[in-house]
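Trainee: Numbering (my numbering), first residue to last: 6 to 148.
#1: Grouping DSSP H, G and I as helix and E and B as strand, with all else coil, what is residue 87?
#2: Where DSSP assigns a beta bridge to residue 31, which residues make up the other side?
#3: Take every Cβ of the segment 131–144, pair it with every Cβ of the segment 38–50, and state whether three or more of those distances are shorter than 8 Å.
#4: I'd like to confirm the pairing. Which residues does DSSP put opposite residue 68 in its beta bridges?
#5: What is the DSSP secondary structure of residue 104, counted as helix, strand or coil?
#6: Going by beta carbon distance, what residues of the same chain come within less than 7 Å of residue 7, once the five residues before and after it are set aside?
#7: As a quick exercise: from 61, 46 and 30, pick the residue whose alpha carbon is nearest that of residue 99.
#8: Between which residues of its own chain and residue 90 is the CB-CB distance below 7 Å, once the five residues before and five after are set aside?
#9: Do you know how far the Cα of residue 76 is from the Cα of residue 121?
#10: Helix, strand or coil for residue 112, going by three-state DSSP, please let me know.
#11: Alpha carbon to alpha carbon, how far is residue 95 from residue 51? Give it in angstroms, no decimals.
#12: Give me, in chain order, the residues of the same chain whose beta-carbon lies closer than 7 Å to that of residue 80; leave out the 5 immediate sequence neighbours on both sides.
Here it is in structure tokens:
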């Protein structure tokens, strides 16, 4: 199930209000654009593009672009962890996603340095891995 941008805004508003009212620390994953909606100091939002480096390994040993993507870079069982890591690090797709070429509305967004265009895996589900995150309210034209 994939939310629509309107549903994402509503979900973020509910989380924001609940975290603030309960004074409950809440962490949102794969929502780097959340600060466009969320104001509570009890809510943090992050995702993988802001990490220095990570490696996603499935049960078969495949090094994946993301745990929800089928894009494979290497296999730790065949090549070992060091070489598999290196294969990912040297892959042009991995490099392009780590340093994306932003387009509007991301280019003029105040969150562009932290968000970097949002979730590439979600963009891939919508047809273009290099497109801005389709759940972002700015991308959806809602704010």
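We put the beta carbon where it would ideally sit given N, CA and C, even for glycine. Given the structure is predicted, the values throughout are model-derived calculations rather than measurements.
Mentor: So, to answer that:
#1: helix
#2: 48
#3: yes
#4: 62 and 79
#5: coil
#6: 130
#7: 61
#8: 60
#9: 20 Å
#10: helix
#11: 24 Å
#12: 66, 67, 68 and 89
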